[in-house]
Structure formats: C-alpha cells, structure tokens
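Asks:
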Amino acid sequence: MKFEVSVAPMVGVSTPEYRKFMQIVSPGSLVFTEMVVDTSLIYMSSSVLERKIGLPSPQCVLQVGGSNPESLSKAVARAVALGYRQVNLNCGCPSDRVQSGRFGAVLMKRPKDIAEIVQRVYVDTGVVMSVKCRVGVDNTETYATFKEMVQTIAELSPCRTFYVHARSCLLNGLSPAENRSIPPLKYHYVFQLKKDLPHLRVILNGGLRQIEEIAAVRESVDGVMLGRKPMDDPMFFARIEESILQRAPVSISVAIQAYLKTLPERVFERERFFVLDAPSQPPQPPATPEHTPHLCTYADLKPIEPALHGQRGCKEFKRTISELARRKAPVTDIWPSIKGFVGGVSVSVGMGG
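Just so we're aligned: the sequence shown equals residues 1 to 353 in the UniProt record's numbering.
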C-alpha cells in the first residue's frame, strides 16, 4: 500500500470548510473530521449534522468518540447513511470532558472494550474502524504494555490500522495542550510496533513539522499524521504533495481561488438547511445558488487565513481576511481584495519549519 499522509482531527479546526481547503491543497492526503460524539451522530437532525461535519468525500475520515458498542454502532450506521465509509475511533483524547464520558484516552486502559466496539460496529454496519491512540496512558507507558494493547485490539477485532500519537498522556495533571507537548516523543515505540506486528498498518503522529522528518520515517511506518503544522501552515501540504506523495503541487493562488469557488455551494447549503429546518415557516422551495447572496463569514474564510504563513505580508493578509469576514463581504469581493498578497507567492510556501 502507498505511504499515507493525513491531517489530524482537531477540535475547532477540522471544520467542513477547513477540510475542503486542505483537500484542494493536498488531494492525495486523508483529512479527518473533528471528533463527533456518538450521541450527536444518533440524535442530531440530518440538516444540523451535515452542517456540523459536512458531506463526505473519498479522502475524508470521520472520527467518532464513545464507549458503548451499541451506541457507537448506531452512530456509525447513521454516518454510513450520510455517505461516510472511513471511520476512526478516538482512543487518545485526554480532555476532562471526554474522560467524564469514559471514552478517549481512558479507553486505552480497556483494550478489550475497544475491540468489542470495533467488532460490534463491523458486524452491524460492515465498517472496519481504525483506532487513534497514544503509546501509553498515565503510568502505563512501557513498550510491552503498548504492544499488548494494540495486539489485543487486533486479535479480538478486525481493526488493522492504528494512528499512534508517539506520546503517552497523563489524564490528571496536564491539560490537552500540555499533553501534546510535555510527554516525550517515543518514535521508537511506534517503529518497533511495526517491526513486531508487520501485518498491521501503523501511522505515526506527533511532532512532525519538516519534510525531512517525514522522509526519514518512511521506511519505518506506513504513514504519518500531522495536526498543528497544517493548522499553522496549510500550504505545507503542497510541499508534501510534491516531495512525499510525488504529485504535482498546487500554487497558493490556484488553491485559494479553487476554494473560493466552493463557497457559494456551501453558503447555498446553509440557506437550504435553514429553510428546511424552520418549523414556523410554510414549505418553500430552496433558494437557487444564483439568488443566494454568498456573504462570507469568518468560518468560510478562516481556512485561508494562515495560507501565507512565514511569508512577507502575512500579517496584513490576515487582517484583510478578518475585515472581509467582519463585514460579511460577498464571495465575489474576496479574490480581488487579496490577490495582491498571493500573486507572487509560489508553492515554496511551507518549506520551512
């Protein structure tokens, strides 16, 4: 199988708009949704759910959170009905809110429960979930314990793909942000896991910010997952397309213009959902794209805001984007307002660390 590159699930970042932009920048990469709790998938109306997680695409992976096999099975069935085919189980999030629901990283203490979830979902829906985890939780971070956890899941369920953040996490004493940086990286655990269990697909996550770092691990794992880097510098993934995936890179100008062309469709979707969801209004036909005002919100423009990361004019570009969003500028006004910033910038954006 080919080497995989993916954009990690990030709360408040991995919105439908962000994923759309990243798929334009790097069509060869997988892009994860934000984590969606199983009960949200089950009980949200279809229109609200589609606004929250967006419509599926072949390169999109839906990440779900939960600990009850029956509930997660119903949630995945709902996702399948929406068109999602790739689903990942969050077993690595250390936040207090997630812990209180007895899922996320705390599940790593119960690998048989993880296996039961994956098995139940497979039997009920036919979907083979992947698992995102860490190398350890609290004080259980020896390689032997890590390997045993993964091996248990693989032996008791059809799961064969593991996205591994190469840090342990402390459920008490560190915030989620601290858990992303304070525990030391243990890449050697992940490399050894692939050696010991070569039939599994192992994707490395954590700390990767340079093309050279990604190239250096290609022979040791099946892929890499990046989060903070594409959040800060989305055009870095254009360099990944060229240097790692051996595909023609897209320029920043082309990427932004292609993304802006998707906004009328997304604005139109929001208008259509609003019409269908309003119980106090009589049924009426949805507006057509031609008659929709296409006024851009910050959610629409946020994905392109860091596109000039590290380049001259970056701060002024961000201020311009913020001002356009503040006044809800028509989508037709966006490119004329920003093209002067990006006209001379090539795909070399993102080469640095």
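Yeah, the Cβ is synthetic: ideal placement off N, Cα and C, and Gly gets one too.
Which residues share a DSSP beta bridge with residue 161?
Replies: Against the sequence shown, residue 161 aligns to sequence position 161. In the DSSP output, where bridge partners are listed per residue, residue 161 has 201.
Asks: Identify, in the order they occur along the chain, each residue of the same chain with its Cβ nearer than 7 angstroms to the Cβ of residue 54, setting aside the five sequence neighbours on each side.
Replies: Locating residue 54 in the sequence shown gives position 54, counting from the first residue. The beta carbon of residue 54 is closer than 7 angstroms to those of 16, 19 in its chain, skipping five residues each way along the sequence.
Asks: Let me confirm a value: residue 29 is counted as buried when at least 16 other C-beta atoms fall within 10 Å, else exposed. Which label applies?
Replies: The sequence position of residue 29 within the sequence shown is 29, counting from 1. It counts as buried.
Asks: Can you look up residue 142 in the DSSP assignment and give me helix, strand or coil?
Replies: The residue you call residue 142 lines up with position 142 of the sequence shown. Coil.
Asks: Below 8 angstroms between beta carbons: does that hold for residue 106 and residue 197?
Replies: Here residue 106 refers to the residue found at position 106 of the sequence shown. Here residue 197 refers to the residue found at position 197 of the sequence shown. For residue 106 and residue 197, no; Cβs fall outside 8 angstroms.
Asks: Are the CB atoms of residue 88 and residue 118 within a distance shorter than 8 angstroms?
Replies: Translated into the one-based positions of the sequence shown, residue 118 becomes position 118. Translated into the one-based positions of the sequence shown, residue 88 becomes position 88. For residue 118 and residue 88, no; Cβs fall outside 8 angstroms.
Asks: Can you tell me the Cα-Cα spacing of residue 123 and residue 11, whole angstroms?
Replies: Residue 123 sits at position 123 when you count from the first residue of the sequence shown. Residue 11 sits at position 11 when you count from the first residue of the sequence shown. Taking the straight line from one Cα to the other gives about 29 angstroms.
Asks: Rounded to a whole number of angstroms, what is the C-alpha to C-alpha distance between residue 7 and residue 245?
Replies: For the purposes of this step, residue 7 is identified with residue 7 of the sequence shown, where counting begins at 1. For the purposes of this step, residue 245 is identified with residue 245 of the sequence shown, where counting begins at 1. The C-alpha of residue 7 lies about 14 angstroms from the C-alpha of residue 245.
Asks: Excluding the five sequence neighbours on either side, which residues of its own chain have a C-beta within less than 6 angstroms of the C-beta of residue 191, listed in chain order?
Replies: Here residue 191 corresponds to residue number 191 of the sequence shown, with the count starting at 1. Around residue 191: 220.
Asks: Is it right to say residue 332 is buried, meaning 16 or more other beta carbons lie within 10 angstroms of its own, or is it exposed?
Replies: Locating residue 332 in the sequence shown gives position 332, where the first residue counts as 1. Burial call: exposed.
Asks: Applying the 10 Å Cβ sphere with the 16-neighbour rule, what's the burial state of residue 43?
Replies: In the sequence shown, the residue the question calls residue 43 occupies position 43. Answer is exposed; the Cβ neighbour count stays below 16.
Asks: Please check the pair residue 56 and residue 82, which I expect to be a contact at CB under 8 angstroms, by giving their CB distance rounded to whole angstroms.
Replies: As a first step, residue 56 must be located in the sequence shown, where it is residue number 56. As a first step, residue 82 must be located in the sequence shown, where it is residue number 82. Indeed, because the Cβ distance is near 6 angstroms, the residues count as touching under 8 angstroms.
Asks: Candidates 215, 343, 126, 208: which alpha carbon is nearest residue 256's?
Replies: Within the sequence shown, the letter at position 256 stands for residue 256. Out of 215, 343, 126, 208, 343 has the C-alpha closest to the C-alpha of residue 256.
Asks: Are the CB atoms of residue 65 and residue 48 nearer to each other than 8 angstroms?
Replies: Residue numbering aside, residue 65 sits at position 65 when the sequence shown is read from its first letter. Residue numbering aside, residue 48 sits at position 48 when the sequence shown is read from its first letter. It is not a contact, given that the beta carbons lie outside the stated cut-off.
Asks: Residue 13 by DSSP, collapsed to three states: which one?
Replies: Locating residue 13 in the sequence shown gives position 13, where the first residue counts as 1. The answer is coil: DSSP assigns residue 13 none of H, G, I, E or B.
Asks: So is residue 281 buried or exposed if we call it buried at 16+ other beta carbons inside 10 Å?
Replies: Residue numbering aside, residue 281 sits at position 281 when the sequence shown is read from its first letter. Summary for residue 281: the model assigns pLDDT 47, below 50, so the residue's position carries little reliability; its value from the coordinates is reported in the next sentence. Looking at its Cβ environment, which holds fewer than 16 other Cβ atoms inside 10 Å, residue 281 is exposed.
Asks: Whole angstroms is fine: what's the gap from residue 204's alpha carbon to residue 102's?
Replies: Looking up residue 204 in the sequence shown gives position 204. Looking up residue 102 in the sequence shown gives position 102. Approximately 25 angstroms between the Cα atoms of the pair.
Asks: Assuming residue 232 and residue 309 are in contact, meaning their beta carbons sit under 8 angstroms apart, how far apart are those beta carbons, in whole angstroms?
Replies: Position 232 of the sequence shown, counted from the start, is the residue given in the question as residue 232. Position 309 of the sequence shown, counted from the start, is the residue given in the question as residue 309. Going by Cβ atoms, the distance from residue 232 to residue 309 rounds to 6 angstroms, so yes, they are a contact pair.
Asks: Based on Cα-Cα distance, which residue from 75, 238, 141 lies nearest to residue 252?
Replies: For the purposes of this step, residue 252 is taken as the residue at position 252 of the sequence shown. Minimum Cα distance to residue 252 is reached at 238.
Asks: Assuming residue 130 is part of the beta strand (DSSP E), what are its boundary residues?
Replies: Counting from one through the sequence shown, the residue named residue 130 turns up at place 130. Per DSSP, residue 130 belongs to the beta strand (DSSP E) from 130-137.
Asks: Grab me the residues of residue 116's own chain with a C-beta within less than 7 angstroms of its C-beta, minus the 5 sequence neighbours each way, in chain order.
Replies: Here residue 116 is taken as the residue at index 116 of the sequence shown, counted from 1. If the five residues before and after residue 116 are omitted, its C-beta is found closer than 7 angstroms to the C-beta atoms of 69, all from its own chain and listed in chain order.
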